[in-house]
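Each step along the sequence shown adds one to the number in UniProt numbering, with nothing skipped, and position 73 is 73.
One structure is given here, and the rest of the page talks about it.
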Amino acid sequence: MTSRNIRYKNFAQRPPSHGIYGITECDVNQIAQLSKTHDVLVTMTVPTSFRVAVLVNSKSSLDPAFNAAFQRSITNARPDAQIELFDPIEAQIYPEPGQFNLIVLTGGGTADATAEDVPWVMKMREFLTKTAEENPTQKIVGVCWGHEIIHIAFGGVLGPMDLFEVGVMPVALNDVGSSFFSKWLPSAEKLNIHEFHEMEVKNPGRGFTALAESNQITVNAANTILTFQGHPEMDAELSTLLLNETKQYSGRDEAEKDATRKRINSPHDGAAVWKRIMHWTEEL
1 MTSRNIRYKN FAQRPPSHGI YGITECDVNQ IAQLSKTHDV LVTMTVPTSF
51 RVAVLVNSKS SLDPAFNAAF QRSITNARPD AQIELFDPIE AQIYPEPGQF
101 NLIVLTGGGT ADATAEDVPW VMKMREFLTK TAEENPTQKI VGVCWGHEII
151 HIAFGGVLGP MDLFEVGVMP VALNDVGSSF FSKWLPSAEK LNIHEFHEME
201 VKNPGRGFTA LAESNQITVN AANTILTFQG HPEMDAELST LLLNETKQYS
251 GRDEAEKDAT RKRINSPHDG AAVWKRIMHW TEEL
């Protein structure tokens with residue numbers, strides 16, 4: 001909801017507005033009489049939608065499940081959110097910056113974020129840098145692959161990890177990250193988040209500050225781009241589906257596989273993270 005000020009110099013000459021924005025017929029008559037001799041300022045509370053664009057950076061049989069997870073996570077944190085999905089890979093259609101409260105870049109393994117010869121990847125990098133330049137207040141969140149390509153677009157360096165990470169992992173927050181998340185998490189020292197990756201940001205993009213260890217969470221200097229290596233939208237069911245598609249991540253022996261299953265089913269802070277993201281979209 002937002003408040004809108006409307007000034008009427010001769011309200012009586014305007015069509016009756018009772019029944020709109022909670023204005024009653026009695027209100028209209030009183031305003032009409034007063035506006036004959038006074039300049040009247042009316043403040044009305046007008047419902048506005050919170051618009052979210054989700055760029056689906058994947059072509060997989062699991063896309064419907066991931067799309068549903070993003071929609072569920074966002075609407076749980078912001079019930080009035082209106083969500084639109086965009087296909088940057090085949091259709092290569094992008095949201096109009098400035099028309100959405102938030103643009104989310106999902107994860108995906110369809111292409112290497114560092115690729116120089118994949119047209120849709122290059123187009124996304126251009127979209128990111130152009131949006132930051134021409135719409136500097138546009139809020140953007142990157143998740144996993146989305147986190148990685150944001151840093152590549154702004155000159156960061158991506159590289160392989162020593163070991164892949166799967167399941168709910170504790171991510172240590174630094175002082176900046178602790179301040180950013182402290183009101184939203186059970187602990188000011190860490191957050192627990194689903195991970196599913198074998199690459200990491202070695203050096204952040206220009207102007208980005210790490211909020212957590214190993215650049216797992218970052219924010220830019222303008223406080224308009226927030227990125228997560230982990231998956232705040234993921235739950236145990238979705239992680240299990242993804243693991244079934246990439247069995248090399250499950251572990252080399254039964255002990256590792258059992259440990260992976262336990263991590264996947266551990267409690268996580270995904271819902272709290274999304275609530276923090278929604279609040280962040282309204283910060284300057």
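All residues carry an ideal CB built from backbone N, CA and C; glycine is no exception.
Continuous alpha helix (DSSP H) stretch holding residue i: start and end
| i | result |
| --- | --- |
| F66 | 63–77 |
| V273 | 270–280 |
| F127 | 119–134 |
| A113 | That residue, A113, is in no alpha helix (DSSP H); it is neither H nor E in DSSP. |
| E254 | 254–264 |
Sequence-distant residues of its chain with Cβ nearer than 6 Å to residue i (five each side left out)
| i | result |
| --- | --- |
| E147 | The amino acid at residue 147 is misidentified as Glu; the sequence shows His. Within the same chain, H147 has close Cβ partners T227, F228, Q229. |
| D235 | none |
| G167 | T260, R263, I264 |
| S239 | H194, I264 |
| M278 | A77, R78 |
Rounded separation between residue i and residue j - CA only
| i | j | result |
| --- | --- | --- |
| K262 | A81 | 33 Å |
| V141 | M161 | 22 Å |
| G207 | S73 | 28 Å |
| E200 | G156 | 11 Å |
| A77 | D269 | 12 Å |
| L241 | S266 | 16 Å |
| I93 | K202 | 30 Å |
| I193 | S182 | 15 Å |
| P170 | D258 | 18 Å |
| residue 292 | P136 | This structure gives no information on residue 292, because the portion of the chain shown stretches from 1 to 284. |
| G108 | T224 | 22 Å |
| W280 | P119 | 32 Å |
| T48 | S61 | 35 Å |
| A255 | L243 | 16 Å |
| R51 | P95 | 11 Å |
| A65 | E283 | 30 Å |
| K123 | K59 | 17 Å |
| T75 | K130 | 28 Å |
| E133 | N215 | 23 Å |
| H231 | P186 | 18 Å |
| I217 | R125 | 19 Å |
| F154 | A91 | 24 Å |
| W274 | D63 | 20 Å |
Per DSSP, cross-strand counterpart(s) of residue i
| i | result |
| --- | --- |
| V171 | L191 |
| P232 | DSSP output for P232 lists no bridge partner at all. |
| L105 | L55, G142 |
| A210 | T218 |
| V166 | F196 |
| N244 | N244 is not bridged to any residue. |
| I83 | V52 |
Anticipated Cβ contact below 8 Å, residue i with residue j, distance rounded
| i | j | result |
| --- | --- | --- |
| N53 | F100 | The question names Asn, but residue 53 in the sequence shown is Ala. Indeed they touch by this definition, with Cβ atoms about 5 Å apart. |
| P88 | N57 | 6 Å |
| N174 | A221 | Incorrect: roughly 16 Å between the Cβ atoms, too far for contact. |
| T106 | V143 | 6 Å |
| E233 | A69 | 4 Å |
| Q138 | I83 | Not really, about 16 Å apart at Cβ, beyond 8 Å. |
Range covered by the beta strand (DSSP E) that runs through residue i
| i | result |
| --- | --- |
| I89 | Note, I89: premise wrong, no beta strand (DSSP E); not H, not E. |
Neighbourhood of residue i by C-beta distance below 7 Å, restricted to the same chain and skipping five residues each side
| i | result |
| --- | --- |
| residue 363 | There is simply no residue 363 to check, as the chain begins at 1 and stops at 284 in what is shown. |
| D178 | Checking the sequence shown, residue 178 turns out to be Ser, not Asp. So the qualifying residues of the chain are A188, E189. |
| V176 | T209, L211 |
| L85 | V54, V56, N67 |
| Q71 | I83 |
Own chain, CB closer than 8 Å to residue i, minus 5 neighbours either side, in chain order
| i | result |
| --- | --- |
| A172 | E189, K190, A212, E213 |
| L158 | A113, T114, E148, H151, I152, M199, E200, V201, K202 |
| E165 | E195, F196, H197, E198 |
| E116 | M122 |
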